[in-house]
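**Student:** This is the structure, below, for whatever I ask next.
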Amino acid sequence: MNRTFKFNTLYIGILLLVLAFSSCTSSKQLAIQKNKTAQLSRKLGFTVNRKDDLPLLEEVSRWLGTPYRYGGTTRTGADCSGFVGAVYKNVYHKSLQRTVVNIYNKDCQRIGKRRLKPGDLVFFNFSKRKKRTLNHMGIYLKNGYFAHASTSKGVMVNHLSENYYKKGWRKSGRVW
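Going by the UniProt record's numbering, the letters in the sequence shown line up with residues 1 to 176, in that order.
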């Protein structure tokens with residue numbers, strides 16, 4: 001009986017030590033994650049929480065401010081489809097077509113605006129002459145926010161409810 005008592009006491013002691021150290025680790029991880037989401041929230045301009053697609057949001061945040069460059073696909077300069085393709089490659093390990101129209105036609109399943117989820121693609125037309133074509137795109141982030149490469153300001157985050165994007169909105173799609 002004495003031996004059993006010593007064994008149980010030792011077992012409980014080890015268990016308590018393991019729990020104490022693991023709770024410190026998980027507390028540290030939660031603190032790091034909270035700091036990361038706070039930084040992303042400041043950078044992206046909307047509230048980010050740990051349930052969001054953090055790899056997507058982190059990648060997009062690294063691209064913010066990248067200048068627009070027609071035909072560009074890197075952080076030294078990118079156009080809208082180059083930006084989207086690079087982010088998709090880095091985050092989801094998927095290669096997309098190179099142009100807005102081809103991405104929509106060959107890489108996407110059409111979805112309605114109300115069904116948008118993080119990582120879905122949004123498509124626009126800002127041409128005054130060719131109303132039916134698609135000539136701009138971005139990546140949906142959450143709650144109406146999307147990232148895209150603007151010709152005037154480079155990679156940035158905007159909201160779909162802004163008048164300019166409401167007027168230019170055409171379609172949305174989910175990559176296969």
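Ideal Cβ positions, reconstructed from N, Cα and C, are used throughout, including at glycine.
#1: Report the residue ranges of all alpha helix (DSSP H) runs contained in full by the UniProt domain "NlpC/P60" (50-176); include only those spanning at least 4 residues, in chain order.
#2: Measure the CB-CB distance between Phe-83 and Ala-149 and report whether it falls below 7 angstroms.
#3: With distances taken between CB atoms, is the gap from Val-122 to Tyr-140 smaller than 7 angstroms?
#4: Assuming Ser-172 and Asp-107 make a contact with CB atoms under 8 angstroms, what is their CB distance in whole Å?
#5: Who are the near neighbours of Gly-168 in its chain, counting only those whose CB is closer than 8 angstroms to its CB and skipping five residues on each side?
#6: Give the straight-line distance between the Cα atoms of Tyr-145 and Tyr-165, rounded to the nearest whole angstrom.
#7: According to DSSP, is Thr-47 helix, strand or coil?
#8: Nearest-angstrom Cα distance between Pro-67 and Cys-80?
#9: If Val-87 sits next to Val-48, beta carbons under 8 angstroms apart, how far is it from one beta carbon to the other, in whole angstroms?
#10: Straight-line CA distance for Lys-51 to Leu-116?
#11: What residues in its chain sit with their C-beta under 6 angstroms from that of Val-157, if we drop five residues either side in the sequence?
#12: As a quick exercise: from Arg-170, Lys-89, Asn-35 and Thr-37, pick the residue whose alpha carbon is nearest that of Tyr-104.
#13: Please go through the same chain and pick out, in chain order, the residues whose beta-carbon is closer than 7 angstroms to the beta-carbon of residue 194, but skip the five residues on each side of it.
#14: With distances taken from CA atoms, which of Tyr-70, Val-175, His-93 and Tyr-92 is nearest Ser-152?
**Tutor:** Taking the coordinates as given:
#1: 54-63, 80-92 and 163-168
#2: For this step, residue 83 is matched to residue 83 along the sequence shown. For this step, residue 149 is matched to residue 149 along the sequence shown. Yes, these two residues count as a Cβ contact at 7 angstroms.
#3: As a working mapping, residue 122 is identified with position 122 in the sequence shown. As a working mapping, residue 140 is identified with position 140 in the sequence shown. Cβ atoms of Val-122 and Tyr-140: closer than 7 angstroms.
#4: Taking the first residue of the sequence shown as 1, we reach residue 172 at position 172. Taking the first residue of the sequence shown as 1, we reach residue 107 at position 107. The Cβ separation is near 13 angstroms, so there is no contact.
#5: As a position in the sequence shown, residue 168 is number 168, starting the count at 1. Closer than 8 angstroms at Cβ, skipping near neighbours: Phe-124, Asn-125, Phe-126 and His-136.
#6: Locating residue 145 in the sequence shown gives position 145, counting from the first residue. Locating residue 165 in the sequence shown gives position 165, counting from the first residue. Those two C-alpha atoms are separated by around 11 angstroms.
#7: Residue numbering aside, residue 47 sits at position 47 when the sequence shown is read from its first letter. Three-state DSSP puts Thr-47 in coil, outside helix and strand.
#8: Within the sequence shown, the letter at position 67 stands for residue 67. Within the sequence shown, the letter at position 80 stands for residue 80. C-alpha separation (whole angstroms): 11 angstroms.
#9: Here residue 87 is taken as the residue at index 87 of the sequence shown, counted from 1. Here residue 48 is taken as the residue at index 48 of the sequence shown, counted from 1. Contact flag wrong, Cβ pair sits at about 16 angstroms.
#10: The sequence position of residue 51 within the sequence shown is 51, counting from 1. The sequence position of residue 116 within the sequence shown is 116, counting from 1. The alpha-carbon atoms of Lys-51 and Leu-116 are separated by roughly 16 angstroms.
#11: What you label residue 157 is simply residue 157 of the sequence shown in a count that begins at 1. Here the set comprises Leu-44, Gly-45, Tyr-145 and Ala-147.
#12: Residue 104 sits at position 104 when you count from the first residue of the sequence shown. For Tyr-104, the nearest C-alpha among the options comes from Arg-170.
#13: This structure leaves residue 194 out entirely; the chain is present only between 1 and 176.
#14: Walking along the sequence shown from the start, residue 152 turns up at place 152. Nearest of Tyr-70, Val-175, His-93 and Tyr-92 to Ser-152, Cα basis: Tyr-70.
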